[in-house]
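See below for the structure under consideration.
So, in structure tokens, the structure goes:
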């Protein structure tokens, strides 16, 4: 949980407290630690192909995923330590 308002609904906050889930206090505008979120182009490419059913959606996702250049993934992994540094 990153303290983004959409993740801090009263019901969710109560559930976390009732279930004794520890929540890190940090600003919601922190660098995102999920490198996969940086691949928003994947979503854009799949959406542009306009799948009409679940089978097509899966097929298009797999095809577009296979087109992601290796150097794109390498850059995301290499940038990860910088994101971690911003948290400290």
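Residue numbers (the working numbering): 493 to 580. Each residue gets a CB set at the ideal place from its N, CA and C atoms; glycine is no exception.
For this session: Please confirm whether residue 538 and residue 552 have their CB atoms less than 8 Å apart.
Result: Here residue 538 corresponds to residue number 46 of the chain shown, with the count starting at 1. Here residue 552 corresponds to residue number 60 of the chain shown, with the count starting at 1. Result yes, Cβ atoms of residue 538 and residue 552 sit closer than 8 Å.
Exercise. To the nearest angstrom, how far is it from the Cα of residue 565 to the Cα of residue 541?
Worked result: Along the chain shown, one-based indexing puts residue 565 at 73. Along the chain shown, one-based indexing puts residue 541 at 49. For residue 565 and residue 541, the distance between alpha carbons rounds to 23 Å.
For this session: Have a look at 535, 545, 563, 562 and flag the residue whose alpha-carbon is nearest the alpha-carbon of residue 556.
Result: Translated into positions along the chain shown, residue 556 becomes position 64. The shortest Cα separation from residue 556 among 535, 545, 563, 562 belongs to 535.
For this session: Could you check which residue in 533, 549, 573, 548 has the C-alpha nearest to that of residue 435?
Result: Summary: the structure shown does not reach residue 435, with the chain confined to residues 493 through 580, and so no result is reported for it.
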